[in-house]
């Protein structure tokens, strides 16, 4: 399973970066390979200053070794060693009418002293963060997420959609980071789903990612915008930074376990603003976004 | 002591905001009064888009009530109620050659069930964050900090300077936020210093703040700069955001205890950039700043 999922994320990284380069038409991804002192490493692929994508990262990492203490406490285990691999992506488009997207697909194994697998699970998800809200876009992203979930288990979409709403919640602002999508974790072999079935599910979600996001990009990337739209986007990107640095478990986990900083923080938007106490004009598009983010919506 | 220190921070807020308005010459502070649902409140004073200061906040808060559980755990007590008041300021100048400054002066009381004071202490400090490093400026800021410390106890400056270096450390980057200054906490009445003596010390530091910072502003505010200087400043401001959202105890404490978000996050710079893996040109001014921040310096 280790090598099967590793091969999958490599192939998905190629597929996604090629497709994004094609849509962008100007910028290409640069690749940075890095090694983790404790074991393993990764390939970061980063695009900056594209025609469509202002900044984006599609990173693969495959790490292994002894569990750091912080990780043991987090996972509530005292096992000896681990293997983890995954693909993580965050895309920040330039045009304020194109939403930011994030996705992550990962696999984890824990070993006992003899090197036998004692636990293994998949996790991941994908979520959309618009700056201007088009209900159609949110509905499309959720519909694609539901379609792929339904192929595997009809209970998945409602459950993982709700977990996503709960996870990407900026508690200190009492608002959602965006319009959500899917979030699943600790998908272990059980009486209903074998490890292979979880693999089939997670890889199917990964393969469907572009179908959920690219049509939205194509539809909105030429929408004309002015400086105030751009400013609103940069202010809202501040919320994205707040979520990732204050609440996101993956980011904090990476920082606390001394992961590769530049690969972890590639998720931060390229240009961000914080002004004091910004209140959108009542009844404006900006005000509507904020009000919708106050409470999870059923987009389908 | 409560009322004495409360009156002091009110008066210091007036003194500092007046002086900053005078130096800026264009923008003025707006005042926002807020109430804390659990008890107390504050006066935030915010300046934006000044001629010299791009964004700044000089906030006073005086809060009281039952200790939230998170605060009990943090302070390692199970006492019933508390009073806390303080002045917090962060100033982000527009010109990349003028450093950002932060200061905080605070007083804390804990009460038992009968309302008797069972513990009380002062805390605070001040630190400087340059984007381009002028050794003279760092030395001046530290000299003023030392002068005021020495008036009270010759052991204060070396101790509080070192605590400042330790506190404002971006562990995930292995670098200092800036060139430091002073940081002190839990200054309780003891065999060497009475509560009144701590009051005298902390208020003396507060009153000397402008002497440490304003001469630097005056000296640098007209330095001509170009877009690359500005860009470097905005990139380095990213480190400021990272420190405040990932590590700063005051910020996290405020967010977790549901403090007033806009007053807490006034510390975030107005415009910030994150690019992937920025490496300054070797031997440049930018490279020198980064290398100096790798290890605390004795500026005097």
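Residue numbers (our numbering), protein chains in the order written: chain A, 1 to 300; chain B, 301 to 600.
The beta carbon of each residue, even a glycine, is placed where N, CA and C say it ideally should be.
With a threshold of 8 Å between beta-carbons, can residue 573 of chain B be considered close to chain A, or not? yes
TODO: Ignore the nearest five residues each way along the sequence and tell me which others in residue 220 of chain A's own chain have a CB closer than 7 Å to its CB.
DONE: Cβ within range, chain order: 95, 97 and 98.
Check: In the structure shown, what three-state DSSP assignment does residue 546 of chain B receive?
Finding: The answer is helix: DSSP assigns residue 546 of chain B an H, G or I state.
Quiz item: So, are the CB atoms of residue 296 of chain A and residue 180 of chain A less than 8 Å apart?
Solution: yes
Please check the pair residue 347 of chain B and residue 328 of chain B, which I expect to be a contact at CB under 8 Å, by giving their CB distance rounded to whole angstroms.
7 Å
Give me the DSSP bridge partner(s) of residue 347 of chain B. Under DSSP, residue 347 of chain B shares a beta bridge with B:356.
At a CB-CB cut-off below 8 Å, which residues of chain A make contact with residue 570 of chain B?
Under the 8 Å cutoff, chain A gives 273, 274 and 275.
ask   = Does the pairing of the region 429-436 of chain B with the region 464-483 of chain B give three or more beta-carbon distances under 8 Å?
value = yes
Check your understanding: Should residue 101 of chain A be flagged as near chain B, meaning a C-beta pair shorter than 8 Å?
Key -> no
Worksheet item: Quick one: which chain A residues come within Cβ less than 7 Å of residue 473 of chain B?
Response: 261
Self-check item: Whole-number beta carbon distance between residue 305 of chain B and residue 407 of chain B, since they are thought to touch under 8 Å
Solution: 4 Å
Whole angstroms is fine: what's the gap from residue 419 of chain B's alpha carbon to residue 491 of chain B's? 15 Å
**Asked** Hey, does residue 162 of chain A have any beta-carbon neighbour from chain B nearer than 8 Å?
**Response** So no, residue 162 of chain A is outside the interface.
Report task. Can you give me the Cβ contacts of residue 564 of chain B inside the same chain, cut-off strictly under 7 Å, excluding the 5 residues immediately before and after it? Result -> The answer, listed in chain order, is 551, 554 and 555.
Neighbour list for residue 542 of chain B in chain A, Cβ cutoff strictly below 7 Å
245
- prompt: Within the 8 Å Cβ cut-off, does residue 67 of chain A reach chain B?
  reply: no
- Reduced DSSP secondary structure (H/G/I, E/B, other) of residue 99 of chain A: coil
Q) Candidates B:307, B:309, B:316 and B:400: which alpha carbon is nearest residue 517 of chain B's? A) When each option's Cα is compared against that of residue 517 of chain B, the closest is B:400.
Excluding five sequence neighbours on each side, which residues of the same chain lie with their C-beta closer than 6 Å to the C-beta of residue 237 of chain A? For residue 237 of chain A, the CB contacts under 6 Å within the same chain, skipping 5 residues up- and downstream, are 269 and 272 in chain order.
Neighbour-count burial assignment, residue 9 of chain A, 16 or more Cβ in a 10 Å radius:
buried
Point to revise | Distance between residue 244 of chain A and residue 286 of chain A (C-alpha atoms, nearest Å) | key: 22 Å
Open item on the list: Suppose you measure from the CA of residue 291 of chain A to the CA of residue 562 of chain B; what does that come to, to the nearest Å?
Closed with: Here the alpha carbons of residue 562 of chain B and residue 291 of chain A stand approximately 18 Å from one another.
CB-CB under 6 Å to residue 465 of chain B, same chain, minus the five flanking residues each way: which ones, in chain order?
-> 480 and 596
**Asked** Which term fits residue 523 of chain B, buried or exposed, when burial requires 16 or more other beta carbons within 10 angstroms of its beta carbon?
**Response** Burial is judged here by how many other beta carbons sit within 10 angstroms of a residue's own beta carbon; residue 523 of chain B has fewer than 16 and is exposed.
Is the region 12-27 of chain A touching the region 42-56 of chain A, taking contact as three or more C-beta pairs under 8 Å?
As far as the Cβ criterion goes, the region 12-27 of chain A touches the region 42-56 of chain A, which means the pair count is three or higher.
Check your understanding: So, are the CB atoms of residue 260 of chain A and residue 42 of chain A less than 8 Å apart?
Key -> yes
(Q) Between which residues of its own chain and residue 239 of chain A is the CB-CB distance below 7 Å, once the five residues before and five after are set aside? (A) 170, 173 and 177
Nearest candidate by alpha-carbon position, reference residue 69 of chain A, set A:105, A:82, A:61 and A:134: A:82
Original post:
Which residue from B:345, B:340 and B:323 puts its Cα closest to that of residue 331 of chain B?
Top reply: Nearest option by C-alpha distance: B:345.
**Prompt:** Under the DSSP definition of a beta bridge, which residues are partnered with residue 35 of chain A?
**Reply:** For residue 35 of chain A, the pairing in a beta bridge is given by DSSP as A:41.
field: Min CB distance residue 348 of chain B to chain A below 8 Å
entry: yes
Kindly say whether residue 566 of chain B, judged by its beta-carbon, lies nearer than 8 Å to any beta-carbon of chain A.
yes
- Quick one: is residue 555 of chain B near chain C, going by C-beta distance under 8 Å? In the structure shown, chain C does not exist; the protein chains are A and B.
Checklist entry - Do residue 210 of chain A and residue 16 of chain A have their CB atoms nearer than 8 Å? => result Yes.
From the DSSP output, in three-state form, read off residue 576 of chain B for me. coil
Where residue 546 of chain B and residue 460 of chain B are concerned, what is the direct C-alpha to C-alpha distance, given to the nearest angstrom? The alpha-carbon atoms of residue 546 of chain B and residue 460 of chain B are separated by roughly 22 Å.
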